[in-house]
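Chains as they are written, first to last, in the numbering used here: chain F, 906 to 1204; chain S, 768 to 1600.
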């Protein structure tokens, strides 16, 4: 079994950030009733501590309830029953990133890993099947497999191969906020070689799944730093599963392995499962939306 | 006994009626001897009778062709399918077991997923299945059951054994059609039904009702249950309306419901009323646009949250379509052992899920003998018969399967059994599939003693679907036990009171009733005006003159029945009027024509199909066929006769609809619509008939009296003296004349007082204020001053009053719409960030 070492990106440990995510809708006509479902509370994990999560809704919600969804993300559903022409929702949290492990990851050869996945001997391997099969926005396909062939080589380790795939996408694709919309299929992204973080994440997931590697979609934020694309807004990246290792994050938009600079909101099979903000209205006519994300160190 | 009507079975298939020795099987003998005694002629006559009943009951289904939807009469083959009572008992137990099994599978997969963890079911099958709705994971099913109703399609192979061809768990269709089939057959073959000792379906509706009521959360005494339909264009809308009507629940569309504080309410004329249970016919993922696939606009936003809170139940439970997957059939024997600790009693047609190694190889090697289906529900029931594919297409299919094996299943192609159907030349064999239904009752399932049979269009095709031209059949379970004779179903077919549940009259339905009243009155007015105009042609008419003809034409133009064509190659008045009348009766249905107006009436009535009696339907069909026949033979006397008939029928339409309803809010709004429209029509007639420049006023008065159906009333009061002020008095001010504006206003005011209070109780409603003012304006009129002619030969005061009253009535209509009839606008999705 070939083993490889991957250096995870590392920075200062234990820093706490205040995350403020504001979404504002303005409607051309009054909305008589609106209902929303948001996933705006960062997930707590071994590498991420979360406290003081608050959701401010203006005008005030007439009803609101929160629950942990199928994937363990916190989903809040609320409705606004007074007529309104604008809606402003601010989610605030304090998030501390902590060191989880040394960042050196040993992983099995891809071909061995796939064999092991096929046997599904551990509960973790079995649970990963959910992310190994296709999902609506991240299908499997010959074109994705072919594109990733050069990176996901059977004799390479899973981590090495996945990192190579991340780099491949980073090099071959251009970040272009106008080339795609939220509904652009990932096959079109592959052909056009352009897109934004959401497109690159879906593409990388589709490539991994097409080779049999379980992969999931992660939504979150970037701590602003020079040279990093995607701060001031929601960000998205990928988590890949390797038997015996577990889930490891990759950010194809920035060609980095997320660590302290990435704050995780939620994960699922693709964007549809973790959409930070969705809603339906009665009335309203045309609308505009603006989103603002502020991340500042508390200390 | 020998086969009746020279019936010859198809070799190589099990025949349901004729045994291997060529004689009629014992349980078919009663039916067979009836058929033999009928002969072809009587059988054809009874078939016609059945068709008439189906048409009169508005029994239809929808076929999607290209982008359009076609409505077709429900195809029923009159010859029932008969199954032996003992054989049925075995099927009954097996179906109840299977319903229980699938219910348990759902409970597991939407819960702890032991079946996945213990590898009884492959994880891929679950996770790649678009019908696995993760939003429903952990949702409490109503009444503790995921499946309130379950249906199975059964087929019989040449060796006589039954097999399950498919499971229907999402929102199984066909129960309503099965019951309605029995109603029709019972009406057409009552003697045969009795002689055959068939098990009755009389308890089916009552059982279903009890099953639903015990499923509602909260154990309320009288739970409010609604039947939710996608609307009149849905494939099986007839059935949704049928069930709602016969179960006595309100039929609603998604926009009739709203969720407030995690509770579902129905928007009614009387305000928001809480709903306890929703019987859905939508696919699960079309039930809540907030939770499910973001492209869906149907359903009720927030429904899932309300279910999660336990404040409302949905049946079948949201997510039930998960086990409506042919791929699951391959695993059922093992699932049955694990979950129920029993052997599966009824086998499924041999099924291979291509997602499993081994199965895939088998399928690819035997494509010719197999039927390939999508492994997951796709909404459509696609099937590919391997044998019929040309080689190139077969290779492409094989490649598709190899690429995404988990998306396909293959099933053995069963040589289906045949059963007799009636054809023009006698009886003929057709392939047969039977849908049976199980309903949750107590701690198990109860199977309906009957079902929905389906036969193929010919013996060339194994495609046993109505879409492929097949027919349906009533299913008779022979060997009736001593059951009390009841015909609940037949009694239930009486026209149903539109406002049985007054408070549950959805605002949408109230709106449709209001417009039905308006359109009906509008067509009647048009027919009356036209009928008054036609005699002007008559050579003997005393009123016939060029001026009268020209006046009549401009009258029709002013009333916007025909386009203004003056100047465009001016025809002589007689020819122009004649062509205007022809246009109004023409089939091309130009704007303003009678046909065009009938279309409006019909489409509004269509939205109310579940609320209108068969008689109302017959009247509309009759009007349309009358109009068609007039279009063909357009003699003057023919036109006159048609118009006479039309006016008579329209008068009876108003009566039929109105008399069929109790005096609840539904009836009230229908009548409000009629009265507002009638008042508006009279105002229009007076406005255009009297207020122009005077020419032959007597002719105009006669025309107006005729057009408003007031000739007799006028003569009885004023004999033959034709004077404008007397006419105005009769049509505008006389509150004892049922055709006058004053009469309509008076009745409208009474109706408005009975409507539920508007959001600002205590204060006089805007509706009431408008009416009081209008009535006062009429009461204060000085008739002679009103009708006075000014120097230009006009009547300015009359014009002012007519205009004012018209404005008041339009204002009333707007106020009613705003306060009572507005239902929710469709929901919109917000763009994702």
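For every residue, glycine included, the Cβ atom is placed at its ideal position computed from N, Cα and C.
Source: prediction; values computed, not measured.
Residue closest to residue 1186 of chain F, alpha-carbon to alpha-carbon, out of F/991, F/1161, F/955 and F/920: As a working mapping, residue 1186 of chain F is identified with position 281 in the first chain. From the listed residues F/991, F/1161, F/955 and F/920, the smallest Cα separation to residue 1186 of chain F is found for F/991.
Sheet register partners of residue 921 of chain F (DSSP bridge): For the purposes of this step, residue 921 of chain F is taken as residue 16 along the first chain, with counting starting at 1. Note: residue 921 of chain F sits in a beta bridge opposite F/1001.
Residue 1165 of chain F, DSSP secondary structure in three states: Here residue 1165 of chain F refers to the residue found at position 260 of the first chain. Three-state result, residue 1165 of chain F: coil.
Under 7 Å (Cβ pairs) to chain F, residues found in the stretch 1027-1057 of chain S: Hits within the stretch, in order: 1027, 1028, 1029, 1056 and 1057.
Top-ranked residue by Cα proximity to residue 1681 of chain S, from S/1518, S/769 and S/1100: What the structure shows of chain S is the stretch from 768 to 1600, and residue 1681 of chain S is not part of that stretch, so it cannot be assessed.
CB contact check: residue 921 of chain F to chain S, cutoff 8 Å: Taking the first residue of the first chain as 1, we reach residue 921 of chain F at position 16. By the rule that beta-carbons nearer than 8 Å mark a contact, residue 921 of chain F does not touch chain S.
Min CB distance residue 942 of chain F to chain S below 8 Å: Stepping through the first chain from its first residue, residue 942 of chain F is reached at position 37. Residue-level contact by beta carbon holds for residue 942 of chain F and chain S, with a gap shorter than 8 Å.
Residue-chain proximity (residue 895 of chain S, chain F), Cβ-Cβ < 8 Å: Start at 1 with the first residue of the second chain, and residue 895 of chain S comes out as number 128. At a cut-off of 8 Å between beta-carbon atoms, residue 895 of chain S makes contact with chain F.
Closer than 8 Å to chain S by CB, residue 1192 of chain F: Locating residue 1192 of chain F in the first chain gives position 287, counting from the first residue. At least one beta carbon of chain S lies nearer than 8 Å to the beta carbon of residue 1192 of chain F.
Runs of beta strand (DSSP E) lying entirely within the stretch 1101-1155 of chain S, each at least 3 residues, in chain order: Within the stretch 1101-1155 of chain S, the complete beta strand (DSSP E) segments of 3 residues or longer fall at 1118-1120 and 1137-1141, listed in chain order.
Contact set for residue 1003 of chain F: own chain, Cβ-Cβ below 8 Å, skip 5 residues either direction: Here residue 1003 of chain F corresponds to residue number 98 of the first chain, with the count starting at 1. Once the five neighbours on either side are set aside, the close Cβ partners of residue 1003 of chain F are 918, 919, 951, 952, 953 and 954.
Proximal chain F residues relative to residue 1133 of chain S, where beta-carbon distance stays under 8 Å: Taking the second chain and counting its residues from 1, one reaches residue 1133 of chain S at position 366. Chain F residues near residue 1133 of chain S: none, gap ~25 Å exceeds 8 Å.
Chain S contact for residue 1058 of chain F (CB, 8 Å cutoff): Mapped onto the first chain, residue 1058 of chain F falls at position 153. So no, residue 1058 of chain F is outside the interface.
Backbone secondary structure at residue 777 of chain S - three-state DSSP: The residue you call residue 777 of chain S lines up with position 10 of the second chain. The three-state reading of DSSP puts residue 777 of chain S in coil, since its state is none of H, G, I, E or B.
Cβ shell of residue 1485 of chain S (< 6 Å), same chain only, five flanking positions each side left out: Your numbering for residue 1485 of chain S matches position 718 in the second chain. Excluding positions up to five away in sequence, the list reads 1493.
C-beta neighbour in chain S for residue 1097 of chain F, strict 8 Å: Along the first chain, one-based indexing puts residue 1097 of chain F at 192. Not one beta carbon of chain S lies nearer than 8 Å to the beta carbon of residue 1097 of chain F.
DSSP three-state assignment for residue 1355 of chain S, whether helix, strand or coil: Start at 1 with the first residue of the second chain, and residue 1355 of chain S comes out as number 588. Of the three classes helix, strand and coil, the one that applies to residue 1355 of chain S here is coil, per DSSP.
Simplified DSSP state of residue 1556 of chain S, which is helix, strand or coil: By 1-based counting over the second chain, the position of residue 1556 of chain S is 789. Residue state, collapsed to three classes: coil.
Where the alpha helix (DSSP H) through residue 1021 of chain F begins and ends: Within the first chain, residue 1021 of chain F is the residue found at index 116, counting from 1. Here the alpha helix (DSSP H) through residue 1021 of chain F covers 1015-1024.
Counted within 10 angstroms of its Cβ, other Cβ atoms place residue 1148 of chain F as buried (16 or more) or exposed: To locate residue 1148 of chain F, count along the first chain from 1; it is residue 243. Per the 10 Å Cβ criterion, buried.
8 Å Cβ cutoff met for residue 936 of chain S and residue 1090 of chain S: Here residue 936 of chain S corresponds to residue number 169 of the second chain, with the count starting at 1. Here residue 1090 of chain S corresponds to residue number 323 of the second chain, with the count starting at 1. In this structure, residue 1090 of chain S lies closer than 8 Å to residue 936 of chain S by Cβ.
Distance, residue 995 of chain F Cα to residue 1116 of chain F Cα: By one-based count along the first chain, residue 1116 of chain F stands at place 211. By one-based count along the first chain, residue 995 of chain F stands at place 90. Rounded to whole angstroms, residue 1116 of chain F to residue 995 of chain F spans 40 Å at the Cα level.
Beta-carbon neighbours of residue 1027 of chain F, restricted to chain S and to distances below 9 Å: The residue you call residue 1027 of chain F lines up with position 122 of the first chain. Ordered by position in chain S, no residue passes the 9 Å Cβ test against residue 1027 of chain F, which lies about 11 Å from the chain.
is_contact[residue 1048 of chain F, chain C] using C-beta, thresh 8 Å: Any reference to chain C falls outside this structure, whose protein chains are F and S.
Proximity below 8 Å, CB of residue 1384 of chain S to CB of residue 1173 of chain S: As a first step, residue 1384 of chain S is located in the second chain; it is residue number 617 there, counting from the start. As a first step, residue 1173 of chain S is located in the second chain; it is residue number 406 there, counting from the start. Against a cut-off of 8 Å, the Cβ pair of residue 1173 of chain S and residue 1384 of chain S comes out as no contact.
Chain F contact residues for residue 904 of chain S, given Cβ-Cβ distances below 8 Å: Sequence index remark: in the second chain, residue 904 of chain S carries index 137 (1-based). What residue 904 of chain S touches in chain F: 975.
Contact with chain F by residue 891 of chain S, beta-carbon distance below 8 Å: Your numbering for residue 891 of chain S matches position 124 in the second chain. Judged by the 8 Å Cβ criterion, residue 891 of chain S is in contact with chain F.
In chain order, each alpha helix (DSSP H) run of at least 4 residues that lies wholly inside the stretch 1424-1478 of chain S: With a minimum length of 4 residues, the continuous alpha helix (DSSP H) runs that stay inside the stretch 1424-1478 of chain S are 1432-1457 and 1464-1474.
Whole-Å CB distance - residue 1642 of chain S paired with residue 1140 of chain S, under 8 Å assumed: Residue 1642 of chain S is absent from the structure shown; chain S starts at 768 and stops at 1600.
Three-way DSSP call (helix, strand, coil) for residue 1065 of chain S in this model: One-based indexing of the second chain puts residue 1065 of chain S at position 298. In the structure shown, residue 1065 of chain S sits in coil (DSSP, three-state: anything other than H, G, I, E or B).
Neighbour list for residue 1031 of chain F in chain S, Cβ cutoff strictly below 8 Å: Residue mapping note: residue 1031 of chain F aligns to position 126 of the first chain, counting from 1. Correct list: 883, 884 and 890.
Nearest-angstrom beta carbon gap, residue 960 of chain F and residue 945 of chain F [assumed within contact, 8 Å]: Numbered from 1 along the first chain, position 40 holds the residue referred to as residue 945 of chain F. Numbered from 1 along the first chain, position 55 holds the residue referred to as residue 960 of chain F. Going by Cβ atoms, the distance from residue 945 of chain F to residue 960 of chain F rounds to 7 Å, so yes, they are a contact pair.
Residue from S/917, S/875 and S/920 whose Cα sits closest to the Cα of residue 899 of chain S: Residue 899 of chain S sits at position 132 when you count from the first residue of the second chain. Per the Cα distances, S/875.
is_contact[residue 1100 of chain F, chain S] using C-beta, thresh 8 Å: Here residue 1100 of chain F refers to the residue found at position 195 when the first chain is read from its first residue. With its beta carbon at least 8 Å from every one in chain S, residue 1100 of chain F lies outside the interface.
Where the alpha helix (DSSP H) through residue 1013 of chain S begins and ends: Locating residue 1013 of chain S in the second chain gives position 246, counting from the first residue. Looking at the DSSP string, the run of the alpha helix (DSSP H) that includes residue 1013 of chain S is 1004-1014.
Three-state class that DSSP yields for residue 940 of chain F in the structure shown: Within the first chain, numbered from 1, the residue matching residue 940 of chain F stands at position 35. Strand, per DSSP.
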